[in-house]
Each structure stands twice: as C-alpha cells, then as structure tokens.
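To start, the structure itself, in structure tokens.
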Amino acid sequence: MDLKTARVFVRDIEAARDFYSRGLGLQIKVNGSEYGYCVFKAGSTELVVEKVAEDAPGEERILVGRFTGLSFTVQDVEATHRELAGRGVHFTGPPERQFWGGTLATLQDPSGNELQIVQYPAAA
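Residue numbering for the sequence shown follows the numbering used here, starting at 67 and increasing by one per position.
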C-alpha cells in the first residue's frame, strides 16, 4: 500500500495556504480556498488542508490545533530548521536527537497544528 493523502484541519484557510506554500515551501496542487480547502504536493503524498468552521460540531472543532503525527523528511534538519525559522515558521524548540538515532524538530501552523521535520540516521 502507498499513503496517498494526509489531512490537516485549520481555522483560517488563507493563513494556512500562505503557511504551507510560503512558509514550508510546498507546491499548491489545488487552490480551493474559496471552498475551504487546499491540496499541496508533499513528495508522493498529497497534503489536504481543510477549514473547520468556528460553529462546527465539537467533534470537528477538536481536529484543529493538535499534534498531527505528520513528519517531513529532510536531508539536514539543522539547516532546514534555520531556513524555515527564517521564513517565520514557529518551532516549539530546537532540533533534538532521538534515542533511535534520528533528529527531529516540531513546528506549528497558524492554527496550532504540530508537524515535524525529521532527519533519519545515515544507513550503517
């Protein structure tokens, strides 16, 4: 199986469109922001960003502003961290080495969703 699509839910689709395109540098595949969504090319996966209305049911509102579990693989996490921070991307802390040998840093989109950049250890 191949993972084709991942979804992130936001409060402000225009702020999200700007963040994911300009902040993270992802290519917009479909700009449906007038309909409450955008689709970004993220490697072989499509990242769908969808607006959740302020008056949406509680089970929909809780999808916004949480740890997503999504990680973007990068070659050099320190350099990518500096580059993205220079574009105004907010990180919750500096890159940290993990017990399994990789290094990751957590960032937040304008709705408070947390994503990560990760550098995997070199193959032995």
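Every residue, glycine too, gets a C-beta built ideally from N, C-alpha and C.
Sub-9 Å separation of residue i and residue j beta-carbons
i, j, result
"residue 120", "residue 75", "no"
"residue 85", "residue 187", "no"
"residue 99", "residue 80", "yes"
"residue 118", "residue 77", "yes"
"residue 71", "residue 112", "yes"
Rounded Cβ spacing between residue i and residue j (contact assumed at less than 8 Å)
i, j, result
"residue 90", "residue 155", "7 Å"
"residue 108", "residue 138", "7 Å"
"residue 114", "residue 73", "5 Å"
Same chain, Cβ closer than 7 Å to residue i, five either side skipped, listed in chain order
i, result
"residue 167", "187"
"residue 151", "157"
Spatial distance of residue i from residue j (CA atoms)
i, j, result
"residue 83", "residue 93", "10 Å"
"residue 136", "residue 122", "24 Å"
"residue 163", "residue 153", "23 Å"
Neighbourhood of residue i by C-beta distance below 8 Å, restricted to the same chain and skipping five residues each side
i, result
"residue 140", "146, 183, 184, 185"
"residue 180", "132, 133, 134, 158, 172, 173, 174"
"residue 178", "130, 131, 132"
Residue range of the unbroken alpha helix (DSSP H) whose run includes residue i
i, result
"residue 140", "No alpha helix (DSSP H) holds residue 140; DSSP gives it neither H nor E."
"residue 125", "124-127"
Neighbourhood of residue i by C-beta, 6 Å cutoff - its chain only, sequence neighbours within 5 removed
i, result
"residue 169", "143, 161, 163, 185"
"residue 96", "105"
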